[in-house]
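Peer 1: Going line by line, the protein sequences match chains A, B, C and D. Taking the working numbering, I'd label the letters of the first sequence as residues 3 to 123. Taking the working numbering, I'd label the letters of the second sequence as residues 3 to 123. Taking the working numbering, I'd label the letters of the third sequence as residues 3 to 123. Taking the working numbering, I'd label the letters of the fourth sequence as residues 3 to 123.
There are 4 protein chains.
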Amino acid sequence: MAGKKTWFIPDGFLPPKSTGDQISHEAVCVLNLGKEDAHIKLTFYFEDRNPMDRFQSVCGAERTHHIRLDQLKDREGQLIPVGVSYAIKVESSVPVIVQHSRLDTTQEALALFTTMAYSEE
Amino acid sequence: MAGKKTWFIPDGFLPPKSTGDQISHEAVCVLNLGKEDAHIKLTFYFEDRNPMDRFQSVCGAERTHHIRLDQLKDREGQLIPVGVSYAIKVESSVPVIVQHSRLDTTQEALALFTTMAYSEE
Amino acid sequence: MAGKKTWFIPDGFLPPKSTGDQISHEAVCVLNLGKEDAHIKLTFYFEDRNPMDRFQSVCGAERTHHIRLDQLKDREGQLIPVGVSYAIKVESSVPVIVQHSRLDTTQEALALFTTMAYSEE
Amino acid sequence: MAGKKTWFIPDGFLPPKSTGDQISHEAVCVLNLGKEDAHIKLTFYFEDRNPMDRFQSVCGAERTHHIRLDQLKDREGQLIPVGVSYAIKVESSVPVIVQHSRLDTTQEALALFTTMAYSEE
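Set out below in structure tokens:
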């Protein structure tokens with residue numbers, strides 16, 4: 003089954019501001035081509051503090067899940083801090099494919115970016 | 003001949019809204035360097051429903067085809083649903099190279115993103 | 003020396019319209035880490051016509067060259083057509099690294115996208 | 003430990019103009035998954051002059067560092083020139099993962115782009 007179990011995204015950032023109807027956010031977009039659910043663990047790395055490693059999600063078999071990072075909570079109900087640079091490690095119980103995108107509406111109009119995440123398995 | 007037969011794009015989304023002259027859309031951009039036409043099959047994966055796998059297209063020999071996902075219809079005339087997160091599998095009869103782009107004019111002004119699709123053949 | 007001699011970019015398009023001070027354009031960005039000039043040949047593939055293969059450029063030793071596709075002319079003085087979907091093959095005499103970017107000012111404000119080009123040497 | 007020691011980014015450019023609250027800039031985003039600090043050396047390649055190779059930075063163990071290229075100074079206090087096309091080589095003492103992004107607020111509203119850097123180790 004196509005995919006990898008570990009992916010990395012160095013450029014993470016949740017813009018603290020939004021304008022218009024759309025909320026600034028990031029999404030970790032997971033594609034699970036297999037017949038088993040993918041149990042996903044997310045670790046966030048920062049510039050000036052220890053990593054946060056208690057975030058989890060699930061992507062069903064033959065499903066995609068676009069994990070909204072502005073809404074994801076860890077086991078203790080903590081959100082990812084906004085307005086702070088971070089990086090992301092994505093670990094899955096089964097092979098998946100991961101892409102990372104940001105929608106930024108800090109200033110008038112919106113901006114988007116995306117890239118395939120990095121894996122070297 | 004350079005290229006792969008199978009490509010994946012986890013972050014698909016057709017924005018339901020457009021402003022200005024340009025229609026929000028996505029394109030699966032195919033480059034076929036070979037001497038034979040590429041017969042393309044597209045499968046769409048969702049968060050909450052079964053995959054749709056009856057979409058087809060063609061990219062001629064030594065041609066490119068930028069497949070507009072807002073206009074593509076399957077055998078029964080169905081369009082890809084708008085405003086819904088999806089992921090894409092692209093399968094070709096011959097090796098091709100695939101890039102995916104989105105044009106979003108939901109808010110004033112436009113936003114663009116692109117990435118090479120993922121393949122591991 | 004890091005790099006490859008052949009690169010591909012499926013999603014090419016020169017927006018026919020610009021607003022504000024900046025001209026809509028694309029650039030094929032070449033990095034030549036070696037001690038010899040890179041002689042670059044560019045081929046453009048279309049949806050509905052034969053490829054155009056008479057475009058050339060040079061990137062000096064230990065230099066970068068961001069080749070503006072809206073200004074590039076072939077041997078007969080021809081420009082790349084605007085408002086038409088195309089794909090690009092980049093061939094270099096020595097290994098180089100290639101990234102492709104678009105600046106789109108069709109609507110108010112500007113939009114940008116970029117991706118590393120594809121190579122499989 | 004996942005990562006590579008050498009990365010390349012052909013499309014670098016610091017927009018000379020900004021509008022609104024946000025300053026146009028680029029960032030080289032480094033993720034260091036290891037237990038040792040990463041000592042980073044950055045070399046900038048130009049179209050019409052010799053490379054500048056005296057820029058340094060550090061990314062702590064199990065930390066990310068989003069190196070702002072509009073603020074980075076070399077040993078002699080020099081900044082990277084604005085409004086000039088360049089390319090980047092990133093060399094690290096330990097394996098890291100590198101992504102490159104630009105925020106452009108030259109015209110009203112903002113534009114973003116990103117890509118994983120290129121490595122072939």
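Beta carbons: idealized from backbone N, C-alpha and C, even for Gly.
Along the chain, where does the beta strand (DSSP E) containing glutamate 64/B start, and where does it finish?
Peer 2: Note, glutamate 64/B: premise wrong, no beta strand (DSSP E); not H, not E.
Peer 1: Would you grab the beta carbon distance between alanine 40/C and valine 96/C for me? Rounded to a whole angstrom, and I think it's under 8 Å.
Peer 2: Sure, about 5 Å apart at Cβ, within 8 Å.
Peer 1: Mapping DSSP to helix, strand and coil, what is aspartate 76/B?
Peer 2: Looking at aspartate 76/B - three-state DSSP - the assignment turns out to be coil, as it is neither helix nor strand.
Peer 1: Judging by CA-CA distance, which residue of Asp23/C, Pro17/C and Arg77/C is the nearest neighbour of aspartate 23/B?
Peer 2: Of the candidates Asp23/C, Pro17/C and Arg77/C, the one whose C-alpha sits nearest the C-alpha of aspartate 23/B is Pro17/C.
Peer 1: Look at tyrosine 120/D and glutamate 64/C and say whether their C-beta atoms are less than 9 Å apart.
Peer 2: No.
Peer 1: Mind listing which residues of the segment 16-29 of chain D have their C-beta closer than 9 Å to chain C's C-betas, in chain order?
Peer 2: So the close ones are Lys19.
Peer 1: Counting only beta-carbon separations shorter than 9 Å, does alanine 119/D have a partner in chain B?
Peer 2: Alanine 119/D does not count as touching chain B.
Peer 1: Does the distance from the CB of histidine 67/D to the CB of asparagine 34/D come in under 9 Å?
Peer 2: Yes, they are a contact pair.
Peer 1: In chain D, which residues lie with their C-beta within 9 Å of the C-beta of glutamine 109/A?
Peer 2: Chain D residues near glutamine 109/A: Thr21, Gly22, Asp23, Gln24, Thr107, Glu110, Ala111 and Leu112.
Peer 1: For leucine 44/C, which residues in chain D fall below 7 Å Cβ to Cβ?
Peer 2: Chain D residues near leucine 44/C: none, gap ~15 Å exceeds 7 Å.
Peer 1: Below 7 Å CB to CB, which residues in the same chain sit around glutamate 110/C once its five sequence neighbours on both sides are set aside?
Peer 2: For glutamate 110/C, where only same-chain residues beyond five positions count, the Cβ hits under 7 Å are Thr21.
Peer 1: Mind checking whether phenylalanine 10/A and arginine 104/A have CB atoms under 9 Å apart?
Peer 2: Not in contact: phenylalanine 10/A and arginine 104/A (Cβ atoms no closer than 9 Å).
Peer 1: Does the segment 82-89 of chain A touch the segment 48-55 of chain A, meaning 3 or more C-beta pairs lie closer than 8 Å?
Peer 2: Touching, yes.
Peer 1: Compare the C-beta of glutamine 101/D with all C-beta atoms of chain A and state if any pair is closer than 9 Å.
Peer 2: So, interface residue.
Peer 1: Pop quiz: valine 32/A and isoleucine 90/A are said to be a contact at Cβ under 8 Å. What is the actual Cβ separation, rounded to whole angstroms?
Peer 2: That belief does not hold up - the Cβ atoms of valine 32/A and isoleucine 90/A are roughly 12 Å apart, past 8 Å.
Peer 1: For histidine 41/D, which residues in chain A fall below 9 Å Cβ to Cβ?
Peer 2: Per Cβ cutoff of 9 Å: no residues; histidine 41/D is ~16 Å from chain A at best.
Peer 1: Strictly under 9 Å for the Cβ-Cβ distance: is isoleucine 69/C near chain B by that measure?
Peer 2: Not closer than 9 Å to any Cβ of chain B, the Cβ of isoleucine 69/C fails to qualify, so no.
Peer 1: Have a look at glutamate 49/D and lysine 7/D and give me their C-alpha separation to the nearest angstrom.
Peer 2: Their backbone Cα atoms lie some 25 Å apart in a straight line.
Peer 1: So is isoleucine 99/B buried or exposed if we call it buried at 16+ other beta carbons inside 10 Å?
Peer 2: Per the 10 Å Cβ criterion, buried.
Peer 1: Where threonine 108/A and arginine 77/B are concerned, what is the direct C-alpha to C-alpha distance, given to the nearest angstrom?
Peer 2: About 42 Å.
Peer 1: List the residues of chain D whose Cβ lies closer than 8 Å to the Cβ of glutamate 64/C, in chain order.
Peer 2: Under the 8 Å cutoff, chain D gives Tyr47, Asn52 and Pro53.
Peer 1: To the nearest angstrom, how far is it from the Cα of glutamate 38/B to the Cα of aspartate 72/D?
Peer 2: Each residue's Cα considered, the two are about 48 Å apart.
Peer 1: Name the chain A residues whose beta carbon is nearer than 7 Å to that of proline 142/B?
Peer 2: Here chain B covers residues 3 to 123 and nothing more, so residue 142/B does not appear.
Peer 1: What number of angstroms, rounded off, separates the C-alpha of methionine 118/B from the C-alpha of glutamine 58/D?
Peer 2: Taking the straight line from one Cα to the other gives about 31 Å.
Peer 1: Establish whether the CB of phenylalanine 57/D and some CB of chain B are separated by less than 9 Å.
Peer 2: No, phenylalanine 57/D does not count as interfacial toward chain B.
Peer 1: According to DSSP, which residues form a beta bridge with glutamate 110/A?
Peer 2: DSSP lists no partner for glutamate 110/A.
Peer 1: By a C-beta neighbour count over all protein chains shown, 10 Å radius and 16 as the cutoff for buried, is isoleucine 42/B buried or exposed?
Peer 2: With 16 or more Cβ atoms within 10 Å of its Cβ, isoleucine 42/B is classed as buried.
Peer 1: Near alanine 4/A, which residues of its chain fall below 8 Å by C-beta distance, leaving aside the five closest residues on each side in sequence?
Peer 2: Correct list, in chain order: Leu35, Pro97 and Ile99.
Peer 1: DSSP on methionine 3/A, reduced to helix/strand/coil?
Peer 2: Reduced to three states, the DSSP call for methionine 3/A is coil.
Peer 1: How big is the Cα-Cα spacing for alanine 113/D and serine 87/A?
Peer 2: Rounded to whole angstroms, alanine 113/D to serine 87/A spans 18 Å at the Cα level.
Peer 1: Sort Ser26/C, Asp106/C and Lys75/C by Cα distance to threonine 45/C and report the nearest one.
Peer 2: The residue with the shortest Cα to Cα distance from threonine 45/C is Lys75/C.
Peer 1: I'd like to know whether the C-beta of glycine 36/D is nearer than 9 Å to at least one C-beta of chain A.
Peer 2: No, glycine 36/D lies away from the interface with chain A (no Cβ there is under 9 Å from its Cβ).
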